[in-house]
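K.L.:
Line by line, the protein sequences are chains A and B. Numbering-wise, this note's numbering puts 304 at position 304 of the first sequence, and it's gapless, one number per residue. Numbering-wise, this note's numbering puts 233 at position 233 of the second sequence, and it's gapless, one number per residue.
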Amino acid sequence: MAKVRGVGIAAVNYPTGMNLGGDPSQALIHATTTGNFVISLSSTDLGQGLKTVIAQIGAEALGVPFENVLIDTADTDTGPHCMGTFASRATHRVGNAVIRAAQEAKRVLLEVAADELEVAPEDLETDGQGFVRVKGSPDRSISVIDVALAAHFKYGKTISGRGMYIKPKSEVDPETGAMDPDSAEAHACTVAEVEVDTETGEVTVLSLKSVYEVGRQVNPALVEGQIRGGSWMGMSHALYETTHPYYPTVDHMPTSFSEYLMPGPMELPEIEMRVLEYPSHTGPYGVKGVGEMTANSPIPAIANAIYNAVGVRCTELPITPEMILRGLEEKQAREAMPAD
Amino acid sequence: MVAETPLNVVGTSVPRRDGLGHVTGKTIYVDDIKFPDMLHLKVVRSPIPYGKLNGIDLSEAEKVPGFVRALTHRDVPKNVYTILTLIGVQPDDEPVLAVDKVMYVGEPIAAILAETEEAAMEAVSKVRLDLEPWEPVLDVEEALKPGAPIIKDWGTNYFIYDYEYGQANECRKVRLGDVDKAFEEADFIVEGRYQTKPIEHAPVETTGCVAKPEPDGRFTVYTNTQALFFTLDNTALILQIPFQKLHFVGGTVGGGFGGKVDVIVEPLATLGAMKTGRPVKYRFTRDEEMRASSSRGAWRMYFKDGVMKDGRIIARKVVTYADSGAYHRHTPYAVTKHAANVAGPYYIPNVWIDVYCVYTNRQPGRAMRGFGVTPASFAVEVQMDKIAETVGLDPWAIRFINAYRNGDIRPHRKVVDDATLIEVMQAAADMVGYDLPDEYRQMSSNDREGGNG
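(1) Under a three-way DSSP split, which group does Ser43(A) fall into?
(2) How far does the alpha helix (DSSP H) with Met164(A) in it reach, from first residue to last?
(3) Going by C-alpha to C-alpha distance, which of Glu267(A), Asp123(A), Lys169(A), Met235(A) sits closest to Gly88(B)?
(4) Going by beta-carbon coordinates alone, are Asp418(B) and Ala184(A) separated by less than 7 Å?
(5) Less than 7 Å between the beta carbons of Gly259(B) and Pro198(B), yes or no?
(6) How would you label Trp232(A), buried or exposed, when you count the other beta carbons within 10 angstroms and need 16 or more for buried?
(7) Which residue spans inside the stretch 227 to 260 of chain A form an unbroken beta strand (DSSP E) run of at least 3?
(8) What is the DSSP secondary structure of Tyr302(B), reduced to helix, strand or coil?
(9) Check whether the Cβ atoms of Pro298(A) and Met235(A) lie closer than 7 Å to each other.
(10) Please report the straight-line C-alpha distance between Asp146(A) and Gly35(A), rounded to a whole angstrom.
(11) Flag this pair as touching only if the stretch 138 to 145 of chain A and the stretch 182 to 200 of chain A have three or more C-beta atom pairs under 8 Å; answer yes or no.
(12) Mind listing, in chain order, the continuous beta strand (DSSP E) runs of no fewer than 3 residues lying wholly within the stretch 309 to 393 of chain B?
(13) Spell out the partners DSSP gives Asp77(A) in its beta bridges.
(14) Compare the C-beta of Val249(B) against all C-beta atoms of chain A and say whether one is closer than 7 Å.
(15) In angstroms with no decimal places, state the Cα-to-Cα distance between Trp396(B) and Glu329(A).
(16) For a quick check, are the C-beta atoms of Thr73(A) and Ser43(A) less than 7 Å apart?
(17) Does Ser274(A) get closer than 7 Å to chain B when you measure Cβ to Cβ?
(18) Beta carbons nearer than 9 Å to chain B: which residues of the stretch 309 to 334 of chain A have them?
(19) Residues in its own chain within less than 6 Å of Asp162(B) by CB, not counting five upstream and five downstream?
(20) Run down chain A in chain order and give the residues with a C-beta less than 8 Å from the C-beta of Arg17(B).
(21) For a cutoff of 7 Å on Cβ pairs, would you count Val99(B) as touching chain A?
(22) Could you tell me whether the Cβ of Gln244(B) comes closer than 7 Å to any Cβ of chain A?
(23) Since Lys51(A) contacts Ile29(A) with CB under 8 Å, what's their CB separation in whole angstroms?
(24) Beta-carbon within less than 6 Å of Leu176(B)'s beta-carbon, same chain only, minus the 5 sequence neighbours each way: which residues are those?
(25) Ignore the nearest five residues each way along the sequence and tell me which others in Pro133(B)'s own chain have a CB closer than 6 Å to its CB.
(26) Report the residue from Leu41(B), Thr5(B), Leu138(B), Tyr165(B) whose alpha carbon sits nearest the alpha carbon of Ile109(B).
(27) Where does Glu107(B) fall in DSSP's three states?
(28) Below 8 Å on C-beta distance, what does Val261(B) contact in chain A?
(29) List the residues of chain B whose Cβ lies closer than 7 Å to the Cβ of Ser42(A), in chain order.
(30) Taking 7 Å as the threshold (beta carbon to beta carbon), is Met290(B) in contact with chain A?
(31) Taking Cβ positions only, does Ser231(A) come closer than 7 Å to chain B?
(32) Leaving aside the five residues before and after Tyr260(A) along the sequence, list all residues of the same chain whose C-beta is less than 8 Å from its C-beta, in chain order.
(33) Considering only DSSP beta bridges, list what Gln195(B) is partnered with.
(34) Please classify Lys260(B): does DSSP put it in a helix, a strand, or coil?
(35) Alpha carbons only, please: which of Ser160(A), Gly286(A), Gly225(A), Thr204(A) is nearest the one belonging to Thr5(B)?
(36) Measure from the C-beta of Gly370(B) to each C-beta in chain A and report whether the shortest distance is under 7 Å.
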């Protein structure tokens with residue numbers, strides 16, 4: 001009886017966004033006379049940080065400071081339509097809609113600033129710091145708040161924009177399955193190291209080391225959050241979780257977290273990551289999306305590491321100590337048999 | 001929309017504005033919303049997986065102090081529905097409240113509205129059900145055998161695809177090339193059976209909402225749904241009221257993972273508010289979240305691969321059975337996503353995929369992070385290691401040899417144009433100090449010139 005270590009790898013793709021029913025989202029932007037810009041949406045933030053990421057994209061596209069972009073979302077009376085936050089779609093779809101709305105609003109911003117500065121709008125640019133300035137003459141500038149005030153009180157204009165992004169519905173060919181069901185392919189490769197106790201069948205995950213390629217990262221700290229959370233979830237799916245321990249029967253279903261196993265802080269492995277950026281040609285600033293995929297590659301990487309450690313091929317999830325011990329018994333019986 | 005000029009804000013780790021509120025408990029979630037005259041809704045659920053519902057006796061429940069009223073299927077204007085009707089999935093197959101049979105443990109049969117949550121729970125416990133158990137169908141392959149009891153009204157235990165084309169296909173099919181011919185040419189055949197089991201989404205915040213009648217005749221629904229308009233539209237369809245009557249307000253969701261794209265709590269809470277004229281809160285207990293609300297579906301996948309001595313996979317045949325549980329929910333859609341991805345991120349010229357959406361007497365499967373791709377990635381990547389062992393290559397080599405590249409055609413005939421699998425694997429090898437042979441080091445996703453291709 002021993003504790004045996006093994007290493008396993010898994011490489012995956014993930015199709016982000018999904019449009020088998022058509023997949024639109026809208027955004028509206030307007031400037032208030034405070035100099036803030038409000039982005040109105042009906043998209044929900046699931047705790048992953050959508051509101052932060054969308055404000056970043058809006059600030060970038062408008063050319064104003066992040067602090068001056070507010071997100072007004074998740075109200076069906078005031079926010080335009082969004083399909084919802086799922087399928088790794090929100091940053092991609094809503095971000096694209098926000099860029100389009102920002103382009104329309106920025107056009108008015110520059111027109112009004114041009115009248116105030118007595119230059120042509122095409123000679124102006126935003127500086128990202130709250131000013132509109134003449135290209136090549138940074139001393140000739142006007143603050144965004146002064147432009148907003150002038151637009152409202154002097155010129156009778158709204159600095160506002162409408163944005164829409166839709167990937168049209170993809171039909172599926174009944175004979176061949178030909179379809180175009182997604183917007184981008186993100187990729188990951190995870191290397192897992194495990195230690196298997198051959199006496200108890202218990203698996204300890206020592207490390208999960210992953211490289212991700214998710215297009216452009218809007219907010220690297222939030223991408224890291226997804227990868228860390230997903231590493232934990234993938235490990236949990238691989239070794240711990242099911243509501244049906246005796247699947248396919250419905251016996252002994254858990255009713256609370258005291259009966260539903262998940263890894264705790266003590267079980268957390270070393271998590272290391274690197275993110276490559278290959279901007280996609282369909283997403284806002286090259287975004288592909290990172291929402292769902294981070295739980296996927298750790299699962300087979302752990303299964304493959306177990307095989308590498310003890311020679312037991314686990315093809316059912318979750319991989320329980322019982323499965324490992326039965327696998328070890330079968331392997332011993334097989335090896336004890338005389339070869340034909 | 002790739003930027004040509006340097007970026008200021010995109011690409012920086014600005015702190016999230018709501019982070020401090022989350023970690024100090026200041027963020028307002030749906031369950032924090034209360035109104036003075038608010039009622040609580042709790043649901044009477046089936047204790048058996050399959051059976052005939054002969055009657056519901058509410059007489060003892062009605063005596064519980066605080067009991068206000070009950071709702072049964074007769075109170076629901078359009079009781080039988082399916083949420084993906086919004087993208088054309090039919091037929092409607094799921095009752096909001098059971099009519100004359102139950103299809104899974106935890107299926108809603110009646111709703112109780114009471115002055116307090118405790119009173120609602122006590123009244124639920126006093127409801128007597130007259131149920132006649134039937135033998136449940138629990139295994140996806142047993143469900144498809146001739147002579148198996150048929151649990152769905154349309155006469156099969158599987159979803160019928162392509163009815164919109166006037167066809168009746170028993171599964172989602174993907175076909176590329178000629179697998180049978182390729183299997184004959186292959187040096188090795190590698191087979192595998194893979195099974196995943198249902199998993200709970202386990203959000204910190206359980207599913208819930210508060211529906212409030214407004215003086216102008218509309219209803220405001222505070223909800224933690226992941227998809228406001230999708231849920232609004234389905235609620236209006238079930239209640240047979242104009243969409244304009246509903247105002248849905250979301251906020252920060254305390255974890256979704258796909259578990260909050262079903263439309264379960266909003267229709268009943270809004271119906272309760274319509275019937276009583278008072279705000280109604282309906283929130284799941286952790287037990288309901290685990291046993292009654294839907295789970296990650298279970299998937300059974302059979303792989304047969306034809307492989308050459310040099311490691312190239314020339315044919316892949318996959319038959320998958322997705323366990324949808326008792327109703328559609330999102331599984332017919334997940335099946336299509338699975339079918340498009342179950343060959344993995346590899347170039348395989350001959351592919352034959354059949355994916356069945358199968359109904360069983362368990363809690364419905366539904367959307368969850370990875371939606372049909374998570375089980376596919378598990379099966380594909382364990383299968384890759386089996387192939388590597390069969391051919392006598394290491395696990396890195398088998399993946400580099402077969403990795404898809406830009407310009408390759410995928411089984412669902414989408415041409416690859418943003419591949420980076422090779423670059424990601426090269427970086428991963430560097431990260432763990434694996435000494436990658438030159439032929440794989442020199443490969444690129446952009447062409448098939450470098451290395452072994």
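For each residue, glycine too, the CB sits at the ideal point set by N, CA and C. Here the structure is a predicted model, which means the values were calculated and not measured.
P.N.:
Let me lay it out:
(1) coil
(2) First-last for Met164(A): 160 to 167, but that is the beta strand (DSSP E), not the alpha helix (DSSP H).
(3) Lys169(A)
(4) yes
(5) No, these two residues do not count as a Cβ contact at 7 Å.
(6) buried
(7) Listed in chain order, nothing qualifies, since the stretch 227 to 260 of chain A has no complete beta strand (DSSP E) run of 3 or more residues.
(8) strand
(9) Result yes, Cβ atoms of Pro298(A) and Met235(A) sit closer than 7 Å.
(10) 8 Å
(11) Flag = no, the stretch 138 to 145 of chain A and the stretch 182 to 200 of chain A do not touch.
(12) 313 to 325, 350 to 359
(13) Under DSSP, no beta-bridge partner is assigned to Asp77(A).
(14) yes
(15) Here the alpha carbon of Trp396(B) sits roughly 29 Å from the alpha carbon of Glu329(A).
(16) yes
(17) For clarity, residue 274(A) is Arg in the given sequence; the question names Ser instead. Arg274(A) counts as touching chain B.
(18) Arg313, Cys314, Thr315, Glu316, Leu317, Pro318
(19) Asn169
(20) Lys51, Thr52, Ala55
(21) no
(22) no
(23) About 15 Å separates the beta carbon of Lys51(A) from that of Ile29(A), a gap too long to meet the 8 Å contact definition.
(24) Val351, Pro411
(25) Ile48, Gly51
(26) Leu41(B)
(27) coil
(28) Under the 8 Å cutoff, chain A gives Gly84, Phe86.
(29) Leu228, Phe229
(30) yes
(31) no
(32) Excluding positions up to five away in sequence, the list reads Glu241, Thr243, Pro254.
(33) Glu316(A), Arg300(B)
(34) coil
(35) Gly286(A)
(36) Contact with chain A is found for Gly370(B), since one of that chain's Cβ atoms lies less than 7 Å from the residue's Cβ.
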